[in-house]
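Colleague:
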Amino acid sequence: MALPSDLVAVYVASRVVCLLVLFHETSANSDVSSSLLQPYDFLYYKGVRAYFGGEWAKAAELLERSIATKEALFKHRRLCYDECLAAGRDALQKLDTEEGSLWDLWVLDWMQKKAECLRFCMGRSVTHVGQLPVSTDIEYEFSSRNPYNFLQVTYYKMEKLQKAASAAQTYFTANPGHLEMRNNIEKYRRMEGVTDEAFQDRETANEKHWALYDSALQHEALSEWAQAADTWRACVNETLRQTEECRVQCVVACQRLPEDRGEESVDGVFEKAAALSLSLLSCQQSCVTQVATRPGRISSQEDFLPTQLEHMHIAQFKAGDVRGAVQTLRSLLLFYPSDQDSLDNLQLYVDTLGGDKEAQTAQEIARYVSRSLQQKKLLYFSMENLNFTFIDPDLWTPEDVVPESLRETWRAEKEKINEKADEQPEDVDDSGFFAGGPVPQVGVTITMDDVLLNGTNRVVLDGVMTEKECDRMLKLAEAVASAGDGYRGRRSPHTPHETLNGLTLLRAAKLVQDGLVNHTDAKLLHELGERVRILLHSYFRSPSGLFVAFTHLVCRSAIAGDQEGRLDLSHPVHVDNCLLEPDTKQCWKEPPAFVHRDLSAILYLNDNFDGGELFFTNRDAKTVTARVKPTCGRLVGFSSGPINPHGVTAVTKGRRCALALWFTKEKLYRDMEREEVETAWAADGQAVTKKDEKEEPKNARNQAPAKVASRGRGRVTSGKDEL
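Listed below in structure tokens is the structure:
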């Protein structure tokens with residue numbers, strides 16, 4: 035009599051875990067060689083104590099040993115799992131012929147042999163204490179990479195700057211909102227003896243699937259379909275490998291008893307075995323979430339594996355591999371068998387494109403789905419009958435897997451998830467920029483990033499200008515800025531309560547020829563545009579060149595005696611490269627919007643005025659997501675598309691001056707007036723210094739695009755000043 039495969043999984047898991055726990059307890063008093071792996075949590079605690087005691091060399095040694103020991107422990111668990119796969123197989127083979135009580139005895143024999151094999155294998159390299167589960171606090175410390183936070187300071191104190199930079203980069207990868215660490219990294223980049231090779235993520239071997247994911251998306255963006263298909267295939271295989279590795283750790287790692295988890299007391303050996311087995315299956319199910327969570331993110335990417343398969347079949351189709359596309363699509367249908375779009379595509383491939391009717395699903399995907407469904411059935415059964423708690427990590431789980439008594443609650447939860455997704459859709463930023471790159475100018479610091487600005491591709495940098503440079507630009511604007519410049523001479527283009535004065539680079543150059551402006555001031559105006567371009571090209575990691583599209587020195591002045599009871603804005607909420615329509619929540623890329631603008635920036639010159647704050651909103655143009663207060667030398671940069679609606683609060687007193695700049699990735703749309711000025715200056719023997727774009731930091735894409743969309747308000751006028 036053969037035991038059903040799903041029951042075998044629970045039965046084996048329960049007995050393996052139970053026996054492992056018993057053997058751990060009986061071996062607690064045995065002598066252990068000092069060569070065995072020690073508990074990595076013990077090493078970590080000792081390292082932290084040495085850190086706070088200022089014993090830098092000792093702290094570095096212990097912290098590094100804790101990281102290496104954890105890695106070695108996980109590798110040894112995998113080796114033992116592989117080594118013990120065949121243990122007890124002779125007993126397992128007799129299950130098909132034995133019946134009754136003898137069947138139970140052969141099952142027990144099989145499980146006992148496998149458990150003994152695992153116990154012996156682990157005992158060869160790991161102390162009995164090192165095999166025990168660590169606390170949840172330690173799990174959090176290592177998942178957030180906090181050991182590298184300590185190591186960064188430790189190596190800095192020891193003047194080992196290369197190692198300090200590597201530790202800083204590793205910690206920052208998983209904590210991208212940590213501004214202090216980001217600024218530390220920029221400091222290391224400017225230190226003598228620190229090379230580019232130092233800024234490597236030491237944990238990258240565990241995140242290969244994310245590197246492949248980002249690479250595949252980049253191939254898609256460049257329409258490199260053959261490379262995209264190959265990379266998606268590699269990404270799927272690596273995701274499956276990482277998931278399997280996680281599941282192995284669940285099996286071999288010593289599980290906590292139910293009372294250790296804070297649950298209700300479980301009496302009896304068989305009850306505890308059942309609880310432990312279900313915990314093991316739940317652990318394996320949670321691997322989906324673990325693998326689908328990008329470093330530095332709190333939540334996982336939903337439908338991670340099905341999403342990869344969907345991308346893969348499209349890439350294969352566009353690369354001309356119809357047979358491969360059919361196989362991948364059949365694999366995708368294992369997750370969503372009734373998805374009409376997939377069924378229509380499959381019919382199209384078979385009927386009109388010569389696709390193979392007999393093409394089978396990928397075996398590894400079929401095994402993945404089959405095993406996952408067996409586990410889900412057991413876990414849902416335990417929810418219904420054993421009061422076990424299970425949170426399903428997958429959206430594709432079929433309804434018939436869920437017991438009838440739980441389906442109503444299950445459907446309600448699914449609907450709630452879908453409603454939440456509809457209410458709070460994410461914006462897509464298809465600009466090609468990816469915030470978080472280096473800041474190449476000495477003295478410039480990151481004050482606010484995406485996290486603090488509650489958006490995507492936004493940054494505030496301080497220290498871009500000196501007080502003296504701000505003063506020179508203010509005097510230049512006061513002396514020669516024209517009323518309504520950029521707005522066909524309209525002195526108050528946005529509000530009757532303020533006047534606007536502006537100066538372009540070309541006009542400044544002509545005023546130099548007329549002797550009305552110092553050449554050095556005009557050169558500074560030009561150089562500031564180049565300075566901002568280099569900073570933002572590096573920070574936003576543009577995959578292509580970045581060209582100045584327009585430069586505008588602008589001052590907004592409050593009209594004295596005309597400010598009481600103001601409810602308007604200095605500049606209404608808008609988007610820089612499309613027409614934002616609040617009622618339909620659309621942003622139309624059409625004239626008079628400046629559709630070629632890709633990146634926007636505003637460099638502030640002063641703060642001695644009231645109001646005039648830049649603010650970002652959702653597309654409802656009412657929900658303010660972030661505010662930025664102007665001050666000399668502060669630069670705000672952001673992508674110009676619908677992801678970043680913004681406006682300016684009313685200037686109620688004084689004069690607000692800033693340098694507004696826009697950039698484009700298309701050379702065709704570069705500022706020709708700027709080139710005219712540069713040509714004229716070069717002809718006069720006053721060449722303009724301009725760094726070669728090839729010398730700028732290269733793009734290192736590490737963020738996949740998000741999903742759709744947010745809200746907005748206000749229409750863009752035809753004026754040039756839109757900040």
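If you're matching positions, the sequence shown starts at 35 in this note's numbering and goes up one per residue.
For each residue, glycine too, the CB sits at the ideal point set by N, CA and C.
Treat the numbers as computed from the prediction; the structure is a model and nothing was measured.
Determine whether the beta carbon atoms of residue 644 and residue 585 lie at a separation below 8 Å.
Modeller: It is not a contact, given that the beta carbons lie outside the stated cut-off.
Colleague: Beta-carbon within less than 7 Å of residue 396's beta-carbon, same chain only, minus the 5 sequence neighbours each way: which residues are those?
Modeller: The answer, listed in chain order, is 361 and 365.
Colleague: Look at the alpha carbon of residue 404 and the alpha carbon of residue 489, and state the distance between them as a whole number of angstroms.
Modeller: Each residue's alpha carbon lies about 40 Å from the other.
Colleague: Evaluate residue 285 with the Cβ neighbour count: other Cβ atoms within 10 Å of its Cβ, from every protein chain shown; 16 or more gives buried, anything less gives exposed.
Modeller: It counts as buried.
Colleague: Between residue 402 and residue 357, what straight-line distance do the alpha-carbon atoms span, to the nearest angstrom?
Modeller: Approximately 22 Å between the Cα atoms of the pair.
Colleague: Quickly, what does DSSP pair residue 313 with across the bridge? List them, please.
Modeller: According to DSSP, which records beta bridges pairwise, residue 313 is partnered with nothing at all.
Colleague: Taking Cβ to Cβ, would you say residue 169 is nearer than 8 Å to residue 70?
Modeller: No, these two residues do not count as a Cβ contact at 8 Å.
Colleague: Quick check on residue 429: buried or exposed, where buried means 16 or more other Cβ atoms within 10 Å of its Cβ?
Modeller: Classification for residue 429: exposed.
Colleague: Would a C-beta distance cut-off of 8 Å place residue 612 and residue 664 closer than the cut-off?
Modeller: Cβ distance not < 8 Å, so residue 612 and residue 664 don't count as in contact.
Colleague: Take residue 307 as the anchor and find which of 420, 337, 699 and 689 has the nearest alpha-carbon.
Modeller: It is 420 whose Cα lies nearest to the Cα of residue 307.
Colleague: Tell me which same chain residues have a C-beta within less than 6 Å of the C-beta of residue 761, skipping the five on either side of it?
Modeller: With the chain running from 35 to 757 in the structure shown, residue 761 is simply not present.
Colleague: Shortest alpha-carbon distance to residue 226 belongs to which of 209, 182, 199 and 155?
Modeller: Nearest of 209, 182, 199 and 155 to residue 226, Cα basis: 199.
Colleague: For the stretch 624-689, list the beta strand (DSSP E) runs that are entirely contained and at least 3 residues long, ordered along the chain.
Modeller: Segments of the beta strand (DSSP E) lying fully in the stretch 624-689: 633-638, 643-645, 648-651, 658-662, 669-673 and 680-682.
Colleague: Within 10 Å of its beta-carbon, does residue 218 have 16 or more other beta-carbons around it, so buried, or fewer, so exposed?
Modeller: Per the 10 Å Cβ criterion, buried.
Colleague: Hey, residue 579 and residue 701: beta-carbon distance below 8 Å or not?
Modeller: Contact flag set, yes.
Colleague: Tell me, please, which residues DSSP counts as bridged to residue 492.
Modeller: Partner(s): 672.
Colleague: Are there 16 or more other CB atoms within 10 angstroms of the CB of residue 379, so buried, or fewer, so exposed?
Modeller: Buried, because 16 or more other Cβ atoms sit within 10 Å of the Cβ of residue 379.
Colleague: With a 10 Å radius around its C-beta and 16 neighbouring C-beta atoms as the bar for buried, classify residue 594 as buried or exposed.
Modeller: Residue 594 is exposed by the Cβ-count criterion.
Colleague: Could you tell me the boundaries of the alpha helix (DSSP H) in which residue 711 lies?
Modeller: Here the alpha helix (DSSP H) through residue 711 covers 706-717.
Colleague: By the three-class DSSP mapping on this structure, what secondary structure does residue 111 have?
Modeller: Residue 111: helix per DSSP, three-state reduction.
Colleague: Do you know offhand how far residue 192's Cα is from residue 208's?
Modeller: Roughly 24 Å between the two C-alpha positions.
Colleague: Helix, strand or coil for residue 603, going by three-state DSSP, please let me know.
Modeller: Correct three-state label for residue 603: coil.
Colleague: Quick one: give me the first and last residue of the alpha helix (DSSP H) that residue 241 is part of.
Modeller: That residue, residue 241, is in no alpha helix (DSSP H); it is neither H nor E in DSSP.
Colleague: What did DSSP end up calling residue 168 once you bin it into helix, strand or coil?
Modeller: Three-state result, residue 168: coil.
Colleague: Since residue 386 sits in a beta bridge, which residues does DSSP pair it with?
Modeller: Residue 386 is not bridged to any residue.
Colleague: Taking the alpha carbon of residue 558 as the point to measure from, which residue in 633, 500, 276 and 605 has its own alpha carbon closest?
Modeller: Of the candidates 633, 500, 276 and 605, the one whose C-alpha sits nearest the C-alpha of residue 558 is 500.
Colleague: Once you ignore the five residues that flank residue 59 on each side, which residues in its own chain have a CB closer than 8 Å to its CB?
Modeller: Residue placement at residue 59 is poorly supported in this model, since its pLDDT is 37, which falls under 50; the coordinates still yield a value, given next. Contacts found: none.
Colleague: Please report the Cβ distance between residue 346 and residue 244, rounded to the nearest whole angstrom; I am assuming they are in contact, meaning their Cβ atoms lie under 8 Å.
Modeller: Incorrect: roughly 16 Å between the Cβ atoms, too far for contact.
Colleague: Got a sec, what are the start and stop residues for the beta strand (DSSP E) residue 418 sits in?
Modeller: Element bounds for residue 418: not the beta strand (DSSP E) but the alpha helix (DSSP H), 397-419.
Colleague: Would you mind reading off the limits of the alpha helix (DSSP H) that contains residue 120?
Modeller: Neither: residue 120 is in no alpha helix (DSSP H) and is coded neither H nor E.
Colleague: Given that a residue counts as buried once 16 or more other Cβ atoms are within 10 Å of its Cβ, and exposed if not, what is residue 660?
Modeller: The residue in question, residue 660, is buried, as its Cβ has 16 or more Cβ neighbours within 10 Å.
Colleague: Starting from residue 574, trace the alpha helix (DSSP H) both ways and give me its first and last residue.
Modeller: No alpha helix (DSSP H) contains residue 574, which DSSP labels as neither H nor E.
Colleague: Pick helix, strand or coil for residue 157, following the three-state DSSP scheme.
Modeller: If DSSP states are grouped into helix, strand and coil, residue 157 belongs with the helices.
Colleague: Does the distance from the C-beta atom of residue 322 to that of residue 427 stay below 8 Å?
Modeller: Against a cut-off of 8 Å, the Cβ pair of residue 427 and residue 322 comes out as a contact.
Colleague: Identify, in the order they occur along the chain, each residue of the same chain with its Cβ nearer than 7 Å to the Cβ of residue 418, setting aside the five sequence neighbours on each side.
Modeller: Within the same chain, residue 418 has close Cβ partners 437, 439 and 440.
Colleague: Any idea what DSSP makes of residue 560, helix, strand or coil?
Modeller: Looking at residue 560 - three-state DSSP - the assignment turns out to be helix.
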